[in-house]
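In UniProt numbering, the protein residues as written are 1 to 91. Virtual Cβ for every residue (Gly too), placed ideally from N, Cα, C.
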Amino acid sequence: MKKGLKLKLFGRVQGVGFRYFTQNFASNLGLKGFVKNMPDGSVLIKAYGDENKLNRFVSKIKEGPRTAEVNNLKKKEISLDKNYNKFSIKY
């Protein structure tokens, strides 16, 4: 079953390659959506795809790249958005 997730991650998540790590893993899973640095120092992710793949994605994202430290992750289910045909980094 396909669904969407909105994730907001807090901690040492900017300036550590988090967006590239996220894009690479999401693309490998075939997920659609985006990752973006936010002005408050957090990272925002909207990801769409198969529920099992999204669960794997969230587990991996909690770890992040070696240089990152995720202190808090907020997760919310959102409606599907078919406007995304790939997973990208937003600036």
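With a Cβ-Cβ cutoff of 8 angstroms, do residue i and residue j count as a contact?
| i | j | result |
| --- | --- | --- |
| Tyr48 | Gly30 | no |
| Pro65 | Val35 | no |
| Asn37 | Arg56 | no |
Taking the straight line between their C-alpha atoms, what separation do you get for residue i and residue j?
| i | j | result |
| --- | --- | --- |
| Leu73 | Lys86 | 23 angstroms |
| Lys62 | Val70 | 6 angstroms |
| Leu80 | Phe25 | 20 angstroms |
Using a Cβ-Cβ cut-off of 7 angstroms (strictly less than) and excluding sequence neighbours within five positions of residue i, which residues of its own chain qualify?
| i | result |
| --- | --- |
| Ser42 | Lys8, Leu9, Phe10 and Val13 |
| Lys53 | Leu29, Gly30 and Leu31 |
| Asp50 | Lys2 |
| Thr67 | Val16 and Gly17 |
Give every residue of the same chain whose Cβ lies closer than 8 angstroms to the Cβ of residue i, excluding the five residues on either side of it in the sequence, and list them in chain order.
| i | result |
| --- | --- |
| Pro23 | The displayed chain sequence assigns Gln, not Pro, to residue 23. Same-chain partners within the cutoff: Val35, Phe87, Ser88 and Ile89. |
**Request:** Would you list, in sequence order, the uninterrupted beta strand (DSSP E) runs of no fewer than 3 residues that lie entirely inside the UniProt domain "Acylphosphatase-like" (4 to 91)?
**Result:** 32 to 37, 43 to 50, 69 to 78 and 87 to 90
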